[in-house]
Amino acid sequence: MSERKRESSSQSKYSSKRSKYEQDSPSEESDYEPYIPLKERRKQKLQKLGRLGAVLQEKKAADKYKSSTDVESDECEDDFGRKNNVSLLDQHNELKKKAEARKESALEKQLKEEEKILESVAEKRALMGVAELARGIQYQQPIKTGWKPPRYILAMTEKRHERVRKKYRILVEGEDIIPPIKTFREMKFPKGIIKGLKKKGITKPTPIQMQGLPAVLSGRDMIGIAFTGSGKTLVFVLPIIMFSMEQEVKLPFIQEEGPYGLIICPSRELAKQTYEILCYYGQCLTKEGFPSLRCCLCIGGTPVRDQLDIIKKGVHLMVATPGRLMDMLDKKMVNLKVCRYLCLDEADRMIDMGFEEDVRTIFSYFKGQRQTLLFSATMPKKIQNFARSALVKPVTVNVGRAGAASADVIQEVEYVKQEAKIVHLLDTLTKTPPPVLIFAEKKQDVDAIHEYLLLKNVEAVAIHGGKDQEERSRAVEAFRKGEKDVLVATDVASKGLDFENIQHVINYDMPEDIENYVHRIGRTGRSGKKGIATTFINKACDESVLLDMKHLLMEAKQKVPPFLAALQSENEKYLDLGDERGCSYCGGLGHRITDCPKLEAMQNKQASNIGRRDYLANNSADW
1 MSERKRESSS QSKYSSKRSK YEQDSPSEES DYEPYIPLKE RRKQKLQKLG RLGAVLQEKK
61 AADKYKSSTD VESDECEDDF GRKNNVSLLD QHNELKKKAE ARKESALEKQ LKEEEKILES
121 VAEKRALMGV AELARGIQYQ QPIKTGWKPP RYILAMTEKR HERVRKKYRI LVEGEDIIPP
181 IKTFREMKFP KGIIKGLKKK GITKPTPIQM QGLPAVLSGR DMIGIAFTGS GKTLVFVLPI
241 IMFSMEQEVK LPFIQEEGPY GLIICPSREL AKQTYEILCY YGQCLTKEGF PSLRCCLCIG
301 GTPVRDQLDI IKKGVHLMVA TPGRLMDMLD KKMVNLKVCR YLCLDEADRM IDMGFEEDVR
361 TIFSYFKGQR QTLLFSATMP KKIQNFARSA LVKPVTVNVG RAGAASADVI QEVEYVKQEA
421 KIVHLLDTLT KTPPPVLIFA EKKQDVDAIH EYLLLKNVEA VAIHGGKDQE ERSRAVEAFR
481 KGEKDVLVAT DVASKGLDFE NIQHVINYDM PEDIENYVHR IGRTGRSGKK GIATTFINKA
541 CDESVLLDMK HLLMEAKQKV PPFLAALQSE NEKYLDLGDE RGCSYCGGLG HRITDCPKLE
601 AMQNKQASNI GRRDYLANNS ADW
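So the sequence shown is numbered by UniProt numbering: it starts at 1 and just counts up by one.
(1) Alpha carbon to alpha carbon, how far is Gly-300 from Val-492? Give it in angstroms, no decimals.
(2) How is the alpha helix (DSSP H) around Val-156 delimited, first residue to last?
(3) Identify every residue that forms a DSSP beta bridge with Ser-376.
(4) Out of Leu-88, Ala-607, Thr-378, Gly-201, which one is the CA nearest neighbour of Gly-400?
(5) From Thr-203 to Thr-321, what distance separates their C-alpha atoms?
(6) What does a CB cutoff of less than 7 angstroms around Asp-358 pick up in its chain, not counting 5 residues either side in sequence?
(7) With DSSP run on the structure shown, which of helix, strand or coil describes Glu-28?
(8) Should His-128 be labelled buried (16 or more other beta-carbon atoms within 10 Å of its own) or exposed?
(9) Rounded to whole angstroms, what is the Cα-Cα separation between Ser-364 and Ile-137?
(10) How about the segment 433–452 and the segment 268–282: do they share at least three Cβ pairs that are nearer than 8 angstroms?
(11) Tell me, to the nearest whole angstrom, how far the beta carbon of Phe-290 is from that of Leu-336; I am working on the premise that it is less than 8 angstroms.
(12) Compute the Euclidean distance between the alpha carbons of Leu-426 and Ile-506, then round it to the nearest angstrom.
(13) I'd like to know whether the C-beta atoms of Arg-294 and Val-319 end up nearer to each other than 7 angstroms.
(14) Between which two residues does the alpha helix (DSSP H) containing Leu-278 stretch?
(15) Assuming Phe-536 is part of the beta strand (DSSP E), what are its boundary residues?
(16) Hey, out of Gly-496, Thr-534, Ala-601, whose CA is closest to Ser-544's CA?
(17) Suppose you measure from the CA of Ile-383 to the CA of Tyr-585; what does that come to, to the nearest Å?
(18) Using the Cα positions of Ile-532 and Cys-596, report the straight-line distance between them to the nearest angstrom.
(19) According to DSSP, simplified to helix, strand and coil, what is Asn-604?
(20) Residue ranges of each alpha helix (DSSP H) run of no fewer than 4 residues wholly in the segment 364–431, ordered along the chain?
(21) Alpha carbon to alpha carbon, how far is Pro-239 from Asn-147? Give it in angstroms, no decimals.
(22) Which partner residues of Leu-336 appear in the DSSP bridge assignment?
(23) Write down the C-beta distance between Tyr-139 and Phe-243 rounded to the nearest angstrom, noting that I regard them as a contact closer than 8 angstroms.
(24) Per DSSP, what are the beta-bridge partners of Gly-261 in this structure?
(25) Confirm, please, whether the CB-CB distance from Thr-534 to Glu-412 is below 7 angstroms.
(26) What are the start and end residues of the beta strand (DSSP E) that includes Phe-439?
(27) Alpha helix (DSSP H) containing His-504: first to last residue?
(28) Less than 7 angstroms separating the beta-carbons of Val-518 and Thr-490?
(29) Looking at the secondary structure, which residues open and close the alpha helix (DSSP H) in which Glu-512 lies?
(30) Are the beta-carbon atoms of Ile-264 and Leu-344 separated by less than 7 angstroms?
(31) What does the Cβ neighbour count give for Leu-154, buried or exposed, with the cut at 16 atoms within 10 Å?
(32) How is Val-476 classed by DSSP in three states: helix, strand or coil?
(33) Leaving out the 5 sequence neighbours to the left and right, which residues in its chain are closer than 8 angstroms to Pro-380 when beta-carbon positions are compared?
(34) Distance check for Lys-195 and Leu-285, CA to CA, integer angstroms please.
(35) Which word fits Asp-90, buried or exposed, when buried means at least 16 other C-beta atoms lie within 10 angstroms of its C-beta?
(36) Let me know the secondary structure DSSP gives Val-488 once reduced to three states.
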């Protein structure tokens, strides 16, 4: 009892103390603030600043727009952004459309940039004679001739003509295009010409001849583009013979009159070859009772006296290289008063690289309208557009892509170290029987290869620009006749020359320009025959040229070696933009005009010349 009283008294004492302590001591819980999350605090802050209403309205509007678009498209997305109510195929198509739209905008941007570059490098003056430009002379209509296609061909529908062009892959541009003709007899050539063609094994025209010959015979100005060995030479040789014969029959040429037709070639060897073709078909007509035609060859390295003797008698046809022709015109040994037919063979080489002024100078010696023809296997768009300014209502005949390699040439590319080239050359020569053509970039290399082959008892001859004309002519003649098995040459032998039965062309080194490569390998695989072209490359080769070569091989469906396939250009996706493939300045397939090394080199050359002119002008002022 006493214990219970004690416990109760102690408890009451303790509770009275606790209550007293609670009353006297300040309570911590009275000042305590509950924890407010960060999100709530920001919300309160925004409310105080008065911005919460605006934010809520924006969010509500966004939610409303999203819900409305979802209702319209009947689509909804899960947590990973995938659409639940749309099939995977539809989603793929939608993504593809968006990608294509982005790609199109990038392509448009690239094309606009290229157009600006082309416009900046385009020649502002027309490719016409200086006198014509000064007087503002412009011819509106092409020259009229007495030739017309057979009536039954003219009576055929345009659909028939298009079918023929499509069958033979002939692309034509221009106004009032003459229909293609599939036989020489329908082109109204005399028996002498047809017999001469048969002797050469030519029984039917090639695609470039089907469309080109009727166009030239009817008096039209023309740009002819076709791969090497396709028969371009006959397209301008046969009409010039017929026109000159027509003039001679109507009114014979007197002393110092002529020429009526002029053909300009970039190299002496090509000029001589064209001259021999003219003489051959002229003689074919003479055998059939026609008057004889006098032809003249005006090239450097030969006596001027021999050429003047023919000119004094009156000359119908003249084949010339630019240097000798300009010299003779300047010295008034030749005049072009009655000349009405002009052909530039391998025209891109004569117009390109600053030769325009020389062409204009030659044009200035003409006293009337002329029929102008431009031919080449490689003619980029830039050259075509520029050349059109010299032509009257021109017809462009294109068989295949300008600058494309012949499909009859098997292209083989081998990686050979620089020091091993000369030894590897002997093994490569054994691939095919002779005759074989070997090309090198430098004259020293040509001489070194020639000497090495002679030491190895190989019957070889060599030509390059450092040799005199007589030695060059002897070498080419011996190779043509089969007396020598191998011809070693620089690019002087790469353009236009036609050697029979060449089965193999070896490029000892890769040329600096892809156009030269196309011309080189075009010496084989001609007139429908097959041929092989072997090219040695190594690390010394320019990567931009190798890229062009890679895409050229791909275009011709040839085997691309691994070391070429591994090369990639920075703008690989832009190499094929619509109708315009590769570079529109030089025609290379491995780059665009924005990365053109040839254009860059030309601009650097111009810049250095400008600097030099300024320096000389300042110095002359000081003097």
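Note that CB positions come from ideal geometry on N, CA and C, so glycine has one too.
These figures come from a predicted structure and were not determined experimentally.
Result, derived from the coordinates:
(1) Walking along the sequence shown from the start, residue 492 turns up at place 492. Walking along the sequence shown from the start, residue 300 turns up at place 300. Val-492 and Gly-300: Cα-Cα distance of roughly 14 angstroms.
(2) Position 156 of the sequence shown, counted from the first residue, corresponds to residue 156. Rather than Val, the amino acid found at residue 156 in this sequence is Met. Here Met-156 belongs to no alpha helix (DSSP H), and DSSP marks it neither H nor E.
(3) For the purposes of this step, residue 376 is taken as residue 376 along the sequence shown, with counting starting at 1. Paired residues: Ile-225.
(4) Here residue 400 corresponds to residue number 400 of the sequence shown, with the count starting at 1. Of the listed residues, the one whose Cα sits closest to Gly-400 is Thr-378.
(5) Numbered from its first residue, the sequence shown carries residue 203 at position 203. Numbered from its first residue, the sequence shown carries residue 321 at position 321. Computed Cα separation, rounded: 31 angstroms.
(6) The residue labelled residue 358 in the question sits at position 358 within the sequence shown. These residues qualify, in order along the chain: Pro-322, Met-326.
(7) Within the sequence shown, residue 28 is the residue found at index 28, counting from 1. Confidence at Glu-28 is low in this model, with a pLDDT of 45, below 50, so the placement of that residue should be treated as unreliable; the coordinate-derived value is given next. DSSP places Glu-28 in coil when its eight states are reduced to three.
(8) Locating residue 128 in the sequence shown gives position 128, counting from the first residue. Reading the sequence as shown, one finds Met at residue 128 and not His. That one is buried.
(9) Here residue 364 corresponds to residue number 364 of the sequence shown, with the count starting at 1. Here residue 137 corresponds to residue number 137 of the sequence shown, with the count starting at 1. Answer to the nearest angstrom: the Cα atoms are 12 angstroms apart.
(10) no
(11) Here residue 290 is taken as the residue at index 290 of the sequence shown, counted from 1. Here residue 336 is taken as the residue at index 336 of the sequence shown, counted from 1. Actually they are not in contact, since the Cβ atoms of Phe-290 and Leu-336 sit about 25 angstroms apart, beyond 8 angstroms.
(12) Indexing the sequence shown from 1 puts residue 426 at position 426. Indexing the sequence shown from 1 puts residue 506 at position 506. About 11 angstroms.
(13) The count along the sequence shown starts at 1 and reaches residue 294 at position 294. The count along the sequence shown starts at 1 and reaches residue 319 at position 319. In this structure, Val-319 does not lie closer than 7 angstroms to Arg-294 by Cβ.
(14) By 1-based counting over the sequence shown, the position of residue 278 is 278. From DSSP, the alpha helix (DSSP H) with Leu-278 extends over 268–287.
(15) The residue given as residue 536 occupies position 536 in the sequence shown. 531–537 is the span of the beta strand (DSSP E), which, as asked, contains Phe-536.
(16) Taking the sequence shown and counting its residues from 1, one reaches residue 544 at position 544. Considering only alpha carbons, the answer is Ala-601.
(17) Locating residue 383 in the sequence shown gives position 383, counting from the first residue. Locating residue 585 in the sequence shown gives position 585, counting from the first residue. Rounded to the nearest angstrom, the two C-alpha atoms are 8 angstroms apart.
(18) Here residue 532 refers to the residue found at position 532 of the sequence shown. Here residue 596 refers to the residue found at position 596 of the sequence shown. Near 29 angstroms, if we compare the C-alpha coordinates of Cys-596 and Ile-532.
(19) Taking the first residue of the sequence shown as position 1, residue 604 is located at position 604. Asn-604 falls in the helix class under three-state DSSP.
(20) 381–387, 421–429
(21) Start at 1 with the first residue of the sequence shown, and residue 147 comes out as number 147. Start at 1 with the first residue of the sequence shown, and residue 239 comes out as number 239. The identity of residue 147 in the sequence shown is Trp, whereas the question assumes Asn. Answer to the nearest angstrom: the Cα atoms are 10 angstroms apart.
(22) What you label residue 336 is simply residue 336 of the sequence shown in a count that begins at 1. Phe-366, per the DSSP bridge assignment.
(23) By one-based count along the sequence shown, residue 139 stands at place 139. By one-based count along the sequence shown, residue 243 stands at place 243. At roughly 18 angstroms, the Cβ-Cβ gap does not stay under 8 angstroms, so Tyr-139 and Phe-243 are not in contact.
(24) If you number the sequence shown from 1, residue 261 lands on position 261. Beta-bridge pairing links Gly-261 to Leu-317, Tyr-341.
(25) If you number the sequence shown from 1, residue 412 lands on position 412. If you number the sequence shown from 1, residue 534 lands on position 534. Cβ atoms of Glu-412 and Thr-534: closer than 7 angstroms.
(26) Start at 1 with the first residue of the sequence shown, and residue 439 comes out as number 439. It spans 436–439 - the beta strand (DSSP E) in which Phe-439 sits, taken as one unbroken run.
(27) Here residue 504 corresponds to residue number 504 of the sequence shown, with the count starting at 1. Where His-504 is concerned, there is no enclosing alpha helix (DSSP H), although the beta strand (DSSP E) it sits in stretches over 504–507.
(28) Residue numbering aside, residue 518 sits at position 518 when the sequence shown is read from its first letter. Residue numbering aside, residue 490 sits at position 490 when the sequence shown is read from its first letter. The answer is no: Cβ separation not under 7 angstroms.
(29) On the sequence shown, residue 512 is found 512 positions in, with the first residue counted as 1. Run containing Glu-512: none; DSSP gives neither H nor E here.
(30) For the purposes of this step, residue 264 is taken as residue 264 along the sequence shown, with counting starting at 1. For the purposes of this step, residue 344 is taken as residue 344 along the sequence shown, with counting starting at 1. Their beta carbons are under 7 angstroms apart, which means Ile-264 touches Leu-344 by this criterion.
(31) Taking the first residue of the sequence shown as 1, we reach residue 154 at position 154. Leu-154 comes out exposed.
(32) Residue 476 sits at position 476 when you count from the first residue of the sequence shown. Three-state result, Val-476: helix.
(33) By one-based count along the sequence shown, residue 380 stands at place 380. Hits under 8 angstroms: Asp-348, Ala-402, Gly-403, Cys-583, Ser-584, Tyr-585, Cys-586, Gly-587.
(34) Here residue 285 refers to the residue found at position 285 of the sequence shown. Here residue 195 refers to the residue found at position 195 of the sequence shown. Those two C-alpha atoms are separated by around 9 angstroms.
(35) Counting from one through the sequence shown, the residue named residue 90 turns up at place 90. Label assigned to Asp-90: exposed.
(36) As a first step, residue 488 is located in the sequence shown; it is residue number 488 there, counting from the start. Note: Val-488 maps to strand in three-state DSSP.
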